[in-house]
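Note that the protein sequences, when read in sequence, are chains A and B. Residue numbering for the first sequence is 66 to 268, as defined by the working numbering. Residue numbering for the second sequence is 323 to 512, as defined by the working numbering. Worksheet: one structure, shown below.
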Amino acid sequence: MWELVIVFLKLGLLTIGGGIAMIPILQDVLIRDKKWYTEEEFVDMIAICQSLPGVIAINMATYVGYKRKGLLGSMAATLAIVLPSWTIIILICKGMAVLNDNPYLNGALAGFRAAAVGLIITAVISLGKMIFRNTWSLVAAVSAFIMIVFLHVDTALVIVIFMVLGVMSAAVNRKRIVRAGEEGTTDGEAAQTVADEEGGGDK
Amino acid sequence: MTLLNLFLVFLKIGVLGYGGGLAIIALVYDSIQQFGTISESEFANWVAITQVTPGPVGLNIATFTGYGADGVIGSIVATLGVALPAFVIVSLVCKVLFKYMDSWGVQGALTGVRPATIGLVGTALVTLVKPAIFSESHLGAAFVEALATTQFDWVALGIMAASVYLIMKKKMNPIIVLLIMGAVGAVLQA
C-alpha cells in the first residue's frame, strides 16, 4: 500500500500540464519497475481511463489503486495524487509571490514544461508501439486526432464512436466464428480479424 | 451555502469534464461566474499558473477557484468535488469491468477505443506544445497562428528533444529526466 501511495505522491508532484504527461512515468513504474502490469493491461488502463468522464489523472490513480488493492487502494492513490498539487496551490495562494517571481524557480518550471512535452511524445511513441498492429489501428488513431483537433468533435463522442465500432466488429466477427463452427476461440482481436479477413479471432 | 454550491459546481465539472485538464477550462469559467468576483483576465492568469505548477490541471483549477471563493476550506471542498465523480465512476466501472474483462463485448469496445487513445494523447500534445515551446502564446490562440506569429523557444525545444532521447534511447527513468530538465531550466534562466 505504501508503494502505491509513494508512487502517486511522486506523480502528483511531477505531473505538469495534465494527466497525459503521467503516462511515461506510470509506464516506467508499472511495467518496468514494479511489474504490476503487462503492456496489454497498461494499454487497456489508458483506454478505459480516457473513455470515462473526469480528470484523467484521478481516473488513472483510482484505476491503478483499485486493481492493486481494491477500494482502499483506489482511495489511497487518489488522495496521494491530489495532495502535492493542492499543497502547492495553497502555498501560492497564501501569498508566496516571492516564489512566483524567483527566476530560478521560473526557469525550473519552464524546463519541466518542455520536458513534459517530451514525455508526452514518448507516450505517443510507446503507446503506438503497443497499439499499432494493423492498418485499422493506424487509421483509427489518425482519424480520432483529426476529429478532435481540426473538426472540434467532442471527445466523448469520438470515444463512443470508436467503442461502438469496436463492439460492432466484435459482434460481426463473433457471428462469423460461430457460423464457421470454431469453438473455444475468443474475440479479443476482433478488429484485427476484420482488417485482415482470414486471420481468425484466436489469440 | 457557498461551500455547498462550490461542491456541487465542481461535482458537475468532475462529471462533465471529459478528456482531462485543459478541456474543462471553458466549463469551469462558465460555472464559477456565480461566485462573482472573477474577471476573465484574472481567470486567464489562474489557468496560466495551474499549467505551470505541478499536478493535474483540473485539480489545480479546482483548488485555485475554491480558495478564491472560500479560503482553504473552499479549496478542499472544490478539489474533493472535482475528484469525487472520477473516483466513484472508475471504482464502479472497475468492479464490473474486471469481472467481464474477457467477454467479447468489453474486448470489442476496448479494441475500438485503443487506437483512439493515441489520437487523444496526440491532442494533449498539441495543447501543451503551445505554452511550452512558443513563448508569448496566448490562451486560446489558434495553434497555426501561434506557429506563424510567435518566437520559437529553441532551448525549450532542445530540452524536449533531450527528454525524448533520454527516455526512449537511454531508458532513463522519466522522473529523473524531469528533475534534470528542471535543473537545466533553472540554470539557463538565471
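Where is the CB? At the ideal position from N, CA and C, for every residue including glycine. Bear in mind that the values here come from a model prediction, so they are computed numbers and not experimental data.
Review point. Would you say the beta carbon of A:Glu-106 comes nearer than 8 Å to a heavy atom of the ligand FAD?
Key: Annotation note on the ligand FAD: not contained in the displayed structure, which lists no ligands.
Point to revise | Bounding residues of the alpha helix (DSSP H) (the contiguous stretch that carries B:Ser-425) | key: Counting along the chain, no alpha helix (DSSP H) covers B:Ser-425, and no H or E run does either.
Point to revise | Neighbourhood of A:Ser-287 by C-beta, 7 Å cutoff - its chain only, sequence neighbours within 5 removed | key: With chain A running from 66 to 268 in the structure shown, residue 287 of chain A is simply not present.
**Study point:** Amino acids of chain B, ordered along the chain, whose beta-carbon sits closer than 9 Å to that of A:Lys-75
**Key:** One finds Ile-497 in chain B with Cβ atoms closer than 9 Å to the Cβ of A:Lys-75, taken in chain order.
Check your understanding: Between B:Glu-467 and the rest of its own chain, which residues show a CB-CB distance below 6 Å, the 5 nearest in sequence each way excluded?
Key -> Reliability fails at B:Glu-467, whose pLDDT of 49 lies under 50, so the model's placement of it is uncertain and no value is given.
Review point. Taking Cβ positions, are A:Met-66 and A:Lys-134 nearer each other than 9 Å?
Key: Yes, the pair counts as a contact, with Cβ atoms nearer than the cut-off.
**Study point:** As assigned by DSSP and simplified to three states, the class of B:Gly-377
**Key:** Under the three-state reduction of DSSP output, B:Gly-377 falls in the strand class.
Point to revise | Distance between A:Ile-90 and A:Ala-126 (C-alpha atoms, nearest Å) | key: One Cα belongs to A:Ala-126, the other to A:Ile-90, and the distance between them is close to 13 Å.
Exercise for review: Give the straight-line distance between the Cα atoms of B:His-460 and B:Asp-475, rounded to the nearest whole angstrom.
Suggested key: In this prediction, B:His-460 scores a pLDDT of 40, lower than 50, which makes its location untrustworthy; the coordinate-derived value is nonetheless stated afterwards. C-alpha separation (whole angstroms): 15 Å.
Check your understanding: Could you check where the alpha helix (DSSP H) with A:Met-140 kicks off and where it finishes?
Key -> Looking at the DSSP string, the run of the alpha helix (DSSP H) that includes A:Met-140 is 121-158.
Check your understanding: Does the distance from the C-beta atom of B:Val-415 to that of A:Ile-113 stay below 9 Å?
Key -> Taking a C-beta distance under 9 Å as the contact criterion, B:Val-415 and A:Ile-113 qualify as a contact pair.
Check your understanding: Relative to the C-alpha of B:Ala-508, which residue among A:Ala-173, A:Ile-155 and A:Lys-159 is closest?
Key -> Ranking A:Ala-173, A:Ile-155 and A:Lys-159 by Cα distance to B:Ala-508 puts A:Ala-173 first.
**Study point:** Proximity of B:Ile-335 and B:Val-350 at Cβ, strictly below 9 Å
**Key:** Taking the C-beta atoms as reference points, B:Val-350 is found nearer than 9 Å to B:Ile-335.
**Study point:** Under 7 Å (Cβ pairs) to chain A, residues found in the region 385-396 of chain B
**Key:** For chain A, the residues of the region 385-396 of chain B that bring a beta carbon within less than 7 Å of one of its beta carbons are Thr-385, Phe-386, Tyr-389 and Val-394, in chain order.
Point to revise | Min CB distance B:Gly-336 to chain A below 9 Å | key: Chain A places a beta carbon closer than 9 Å to that of B:Gly-336, counting this residue as a contact.
Review point. What do you reckon, are the CB atoms on A:Ile-123 and B:Ala-446 nearer than 9 Å?
Key: Not closer than 9 Å, so no.
Point to revise | B:Ile-481 versus B:Ile-497: straight-line alpha-carbon distance, rounded | key: Here the alpha carbons of B:Ile-497 and B:Ile-481 stand approximately 14 Å from one another.
Review point. Going along chain A, which residues have a C-beta under 8 Å from B:Ala-483?
Key: Going along chain A in sequence order, the residues near B:Ala-483 (Cβ under 8 Å) are Gly-183.
Practice item. Could you tell me how far apart the beta carbons of B:Leu-325 and B:Asp-392 are, in whole angstroms, since I believe they sit closer than 8 Å? Key: B:Leu-325 to B:Asp-392, Cβ: 6 Å. Contact.
Exercise for review: With a threshold of 16 other CB atoms inside 10 Å of the CB of A:Tyr-128, please say whether the residue is buried or exposed.
Suggested key: Flag for A:Tyr-128 reads buried.
Practice item. Leaving out five residues on either side along the sequence, give the residues of the same chain with a beta carbon under 7 Å from the beta carbon of A:Val-223. Key: Taken in chain order, the residues that qualify are Ala-209, Met-212 and Ile-213.
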